[in-house]
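Enquirer:
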Amino acid sequence: MMNFVSRLLNRSAPSISEARPADAPAIAAIHSASFQRGWGEDEIQQLLLERDVVTHRITAGGKLIGFILSRVAAGEAEILSVAISPGWRGRGLSRQLLDLHLRRLAGIGTRSVFLEVGAQNAPACRLYRRAGFQEVGRRHGYYEDGATALVLRRDLG
Ligand SMILES: CC(C)(COP(=O)(O)OP(=O)(O)OC[C@H]1O[C@@H](n2cnc3c(N)ncnc32)[C@H](O)[C@@H]1OP(=O)(O)O)[C@@H](O)C(=O)NCCC(=O)NCCS
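Under my numbering, think of the first position of the sequence shown as 1, with each following residue one higher.
Right, here's the structure in full:
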């Protein structure tokens with residue numbers, strides 16, 4: 001009975017692993033539910049095939065419920081996108097995903113990580129600030145709706 005219960009719990013407990021090209025449709029679905037301009041499956045599959053792109057996914061019960069994707073070059077990385085499926089937000093999952101992703105980036109020799117985030121995007125700003133990112137620039141009117149983008153940076157290691 002205990003085995004059955006622990007198997008059941010393990011099956012639904014979120015876990016993080018590297019994403020694969022076959023994850024493109026699930027990542028595209030979360031991306032389009034999360035951003036005004038969603039990336040298509042082809043675009044995402046292409047990114048997942050690139051050697052300098054590092055991507056992690058979070059799954060629960062065999063279903064992909066979030067992802068993070070960075071491009072790495074010359075010891076620097078840019079986080080291109082991170083999103084959690086709407087029904088799974090607010091549970092600290094993006095924090096776990098970002099922590100593991102940053103450890104992996106550090107492990108392959110990345111020294112600094114950059115990203116752009118909407119200044120009004122409260123959950124994302126909190127996520128990054130808590131993870132030690134600091135503002136290094138501001139781009140006024142950067143987004144289509146005129147919103148400001150913050151440029152954030154964190155040094156690793
Ligand atoms: C940003 C995003 C990835 C956060 O994922 P999440 O798993 O829900 O976040 P967490 O539960 O780890 O919470 C992260 C922080 O945001 C806070 N937060 C969560 N929901 C919030 C809300 N609606 N308003 C304000 N803060 C919020 C949490 O309290 C936490 O901060 P804390 O550690 O100081 O308490 C998720 O909201 C998302 O997918 N948004 C759409 C895509 C997006 O905007 N991506 C970022 C682009 S740069």
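Using N, Cα and C, we set each Cβ at its ideal position, and we do this for glycine too.
#1: For A29, which of L152, G92, R71, K63 has the nearest alpha-carbon?
#2: Could you tell me the alpha carbon to alpha carbon distance between T148 and Q36, rounded to whole angstroms?
#3: For R89, which three-state DSSP category applies?
#4: Would you kindly work out how many angstroms separate the C-alpha atoms of G118 and T59, rounded to a whole number?
#5: If I measure Cβ to Cβ from A106 and keep anything under 6 angstroms in the same chain, skipping five residues before and after, which residues do I get?
#6: Cβ-heavy atom distance between A35 and ligand 1 below 7 angstroms?
#7: Starting from L47 and walking both ways along the beta strand (DSSP E), at which residues does that stretch end?
#8: CB A102 to CB Y128, shorter than 8 angstroms?
#9: Helix, strand or coil: which one does DSSP assign to L156?
#10: So, helix, strand or coil for R103, using DSSP?
#11: Rounding to the nearest angstrom, what Cα-Cα distance links R154 and A73 in this structure?
#12: Look at the alpha carbon of L93 and the alpha carbon of R104, and state the distance between them as a whole number of angstroms.
Expert: Straight from the coordinates:
#1: Residue mapping note: residue 29 aligns to position 29 of the sequence shown, counting from 1. Closest option to A29, Cα to Cα, is K63.
#2: By one-based count along the sequence shown, residue 148 stands at place 148. By one-based count along the sequence shown, residue 36 stands at place 36. Taking the straight line joining both Cα atoms gives about 15 angstroms.
#3: On the sequence shown, position 89 is the one that residue 89 refers to. Residue state, collapsed to three classes: coil.
#4: Looking up residue 118 in the sequence shown gives position 118. Looking up residue 59 in the sequence shown gives position 59. Each residue's alpha carbon lies about 26 angstroms from the other.
#5: The residue labelled residue 106 in the question sits at position 106 within the sequence shown. L156, G157.
#6: Translated into positions along the sequence shown, residue 35 becomes position 35. It is worth fixing the name first, because residue 35 is Phe in this sequence and not Ala. Flag set: Cβ of F35 near ligand 1.
#7: Numbered from 1 along the sequence shown, position 47 holds the residue referred to as residue 47. From DSSP, L47 is part of no beta strand (DSSP E) but of the alpha helix (DSSP H) over 41-49.
#8: Here residue 102 corresponds to residue number 102 of the sequence shown, with the count starting at 1. Here residue 128 corresponds to residue number 128 of the sequence shown, with the count starting at 1. The question names Ala, yet the displayed sequence has Leu at residue 102. Not a contact, by the Cβ cut-off of 8 angstroms.
#9: Residue 156 sits at position 156 when you count from the first residue of the sequence shown. In this structure, L156 counts as coil in the three-state DSSP scheme.
#10: Along the sequence shown, read from residue 1 onward, the residue named residue 103 stands at position 103. In the structure shown, R103 sits in a helix (DSSP, three-state: H, G or I).
#11: In the sequence shown, the residue the question calls residue 154 occupies position 154. In the sequence shown, the residue the question calls residue 73 occupies position 73. When rounded, the distance between both Cα atoms is 15 angstroms.
#12: As a working note, residue 93 is residue 93 in the sequence shown. As a working note, residue 104 is residue 104 in the sequence shown. Each residue's Cα considered, the two are about 17 angstroms apart.
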